[in-house]
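So the structure is just underneath, and the comments pick up after that.
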Amino acid sequence: MRTPKRPNDPNSGKGSGPRRGPICPSPRRKPEPFERIVCLDNHLNIWGWPSRGGIIVLEHVNGLDFEFLGLDPVDPPMQRDPDQDAEDAFCQRLLLLGAKWFDSNQRHGFVAGVAADDDLAICALEAGQQPQLSLRERRWVSVAYPEPAGPEGGFWVAEFDTPTYGNHERHNLVPAEASLVHLARSMAEKCELLKRIGARYYTSLDVYDGAASLNAWKEKTVGEFGPLVQTTYGQLEYHRRQQTVSHVNDYCDEV
């Protein structure tokens with residue numbers, strides 16, 4: 001984590017020392033608001049679109065997550081389910097793995113920018129254009145279930161804070177050993193690896209008292225900083241059609 005150069009700093013990038021980041025972040029493809037699997041530079045995210053609004057995101061997905069979610073890694077679904085009831089059921093499953101529930105697609109993109117030390121996102125924080133990341137937004141969470149069906153047989157949860165910009169917490173940060181969790185080939189192995197880094201055991205979702213969104217489906221009606229922004233499947237289809245028309249028009253203009 002670093003303190004960024006301000007865009008109006010006359011000494012920025014002019015021999016005042018090594019650059020700490022790009023003045024303008026390198027362009028990244030913006031995921032579409034109907035996608036299920038989002039392929040990033042070195043990892044995968046899975047998105048869910050709850051009927052209450054916002055977006056549920058499971059980051060750094062691995063094969064064990066695919067198995068828990070009932071997804072085929074050879075032929076994964078690249079778009080959300082058009083049936084909202086089925087989509088809601090999938091969203092609940094995502095939350096059981098420690099996924100985060102963001103207020104909106106836009107807020108999720110902003111939080112990702114802060115986590116990546118994106119200068120534009122950092123400057124937005126400093127200017128007060130966006131609120132600081134909440135504990136839930138910056139939390140590192142990993143969950144494992146001794147029983148493959150889900151939390152009925154209890155579960156293990158490891159939670160740590162992350163050193164994002166503006167967060168001065170220096171305790172309970174993600175340990176280096178946390179990366180070993182991705183090596184787990186089964187839920188049993190994942191349980192053992194989480195225990196090694198200090199995971200806590202809960203007998204049910206009802207007694208869970210951590211900072212993650214594991215049991216948020218029962219209680220969450222508003223976002224972290226306002227209402228949950230709703231995006232219905234009809235709106236997504238319209239967005240996709242409009243984007244297709246735009247691409248065709250761009251091609252025609254070039255010809």
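Residue numbering for the sequence shown follows the UniProt record's numbering, starting at 1 and increasing by one per position.
From the three backbone atoms N, C-alpha and C, an ideal C-beta is built for every residue, glycine too.
Owing to the predicted nature of the structure, the values given are computational and were not obtained by experimental measurement.
request  = Compute the Euclidean distance between the alpha carbons of residue 46 and residue 200, then round it to the nearest angstrom.
outcome  = Distance between the alpha carbons of residue 46 and residue 200 is about 25 Å.
query = Does the beta-carbon distance from residue 69 to residue 93 come in below 8 Å?
reply = A contact, by the Cβ cut-off of 8 Å.
inquiry  = Under 8 Å: do the region 166–176 and the region 221–233 share three or more Cβ pairs, one atom per stretch?
reply    = Too few Cβ pairs lie closer than 8 Å, so no.
key: residue 44 - DSSP class collapsed to helix/strand/coil   = Secondary structure at residue 44: strand, using DSSP grouped into helix, strand and coil.
inquiry  = With a threshold of 8 Å, are at least 3 pairs of Cβ atoms found where one atom belongs to the region 31–39 and the other to the region 201–209?
reply    = Counting Cβ pairs under 8 Å, fewer than three are found: no touch.
message = Looking at the secondary structure, which residues open and close the alpha helix (DSSP H) in which residue 66 lies?
response = Element bounds for residue 66: 63–69.
request  = Go through the region 50–115 residue by residue and report every complete run of the alpha helix (DSSP H) that reaches 4 residues or more, in order.
outcome  = Complete alpha helix (DSSP H) runs here, min 4: 63–69, 84–96, 105–115.
query = Taking Cβ to Cβ, would you say residue 188 is nearer than 8 Å to residue 146?
reply = Against a cut-off of 8 Å, the Cβ pair of residue 146 and residue 188 comes out as a contact.
request  = Please name the residue in 178, 67, 183, 133 whose C-alpha comes closest to that of residue 141.
outcome  = Here the closest residue by C-alpha is 178.
ask   = So is residue 65 buried or exposed if we call it buried at 16+ other beta carbons inside 10 Å?
value = With 16 or more Cβ atoms within 10 Å of its Cβ, residue 65 is classed as buried.
query = Under three-state DSSP, which class holds residue 233?
reply = Residue 233: helix per DSSP, three-state reduction.
inquiry  = Which residue marks the beginning of the beta strand (DSSP E) containing residue 159, and which one marks its end?
reply    = It spans 155–160 - the beta strand (DSSP E) in which residue 159 sits, taken as one unbroken run.
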